[in-house]
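**Student:** Here UniProt numbering is used: the first residue of the sequence shown is 1, the next is one more, and so on.
Please read through the structure below; I'll follow up with questions.
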Amino acid sequence: MKYLLLLAFLPILVCAQQKSTTASEVDWLTDYDNAREIAKKNNTNILMYFTGSDWCSPCKALKKDLLETDQFKEVAKDYVLLYVDLPRKKERLSPEEFTQNKELLKQWNKKGVFPFISLVGSNEKEIASLSGYGSKSDVDRYMDFLRENRKL
């Protein structure tokens with residue numbers, strides 16, 4: 001009987017595992033200097049994603065609706081991804097990472113808008129930025145933005 005139950009739940013477990021694997025395949029960096037070095041080496045733009053992971057509802061929605069999709073995964077290959085989190089619970093980050101992220105906020109997201117994407121060239125000049133997220137209808141706006149600003 002135990003084996004019959006296991007066989008019944010096996011497809012559910014496999015599907016759940018596949019879904020989480022897709023989202024984790026996108027490799028986000030958290031160190032700006034490392035991202036900058038990789039961007040220079042590969043002549044690629046940095047995609048900085050500013051989020052408040054534990055308090056920003058639109059950030060959470062954007063992550064689910066866009067950043068965890070196969071559609072994003074495909075376009076993300078053209079960028080060096082930098083995750084800039086500014087949580088209210090500061091203990092979620094190391095003191096060094098929190099300090100770095102506050103500095104990045106001052107430099108690249110001066111208005112402190114969340115969610116916010118800043119595209120920075122390997123020469124450390126901002127190419128373009130996009131902010132806000134209201135609903136799934138904004139996903140196309142983000143995808144168009146990312147496709148238009150990638151280096152080919």
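Glycine included, C-beta positions come from ideal geometry on N, C-alpha and C.
Go ahead and pull the three-state DSSP assignment for N45.
**Tutor:** Residue state, collapsed to three classes: strand.
**Student:** Below 7 Å CB to CB, which residues in the same chain sit around E97 once its five sequence neighbours on both sides are set aside?
**Tutor:** T30, listed in sequence order.
**Student:** Could you tell me which whole alpha helix (DSSP H) segments of length 4 or greater appear in the stretch 49–121?
**Tutor:** Within the stretch 49–121, the complete alpha helix (DSSP H) runs of at least 4 residues are 57–62, 70–76, 95–108.
**Student:** In angstroms with no decimal places, state the Cα-to-Cα distance between K73 and E148.
**Tutor:** Using only the alpha carbons, I get a separation of about 16 Å.
**Student:** How about L81 and D27: are their beta carbons less than 8 Å apart?
**Tutor:** Yes, the Cβ-Cβ distance between L81 and D27 is below 8 Å.
**Student:** Does DSSP put S135 in a helix, a strand or coil?
**Tutor:** If DSSP states are grouped into helix, strand and coil, S135 belongs with coil.
**Student:** Quick check on the burial criterion: 16 or more other C-beta atoms within 10 angstroms. Buried or exposed for P115?
**Tutor:** Buried, since its Cβ has 16 or more Cβ neighbours within 10 Å.
**Student:** Inspect the beta-carbon positions of V120 and N43 and report whether they are closer than 8 Å.
**Tutor:** Result no, Cβ atoms of V120 and N43 do not sit closer than 8 Å.
**Student:** Straight-line CA distance for S57 to K102?
**Tutor:** Taking the straight line from one Cα to the other gives about 20 Å.
**Student:** Looking only at C-alpha atoms, which of S131, G52, A61, V84 sits nearest to A35?
**Tutor:** Nearest of S131, G52, A61, V84 to A35, Cα basis: V84.
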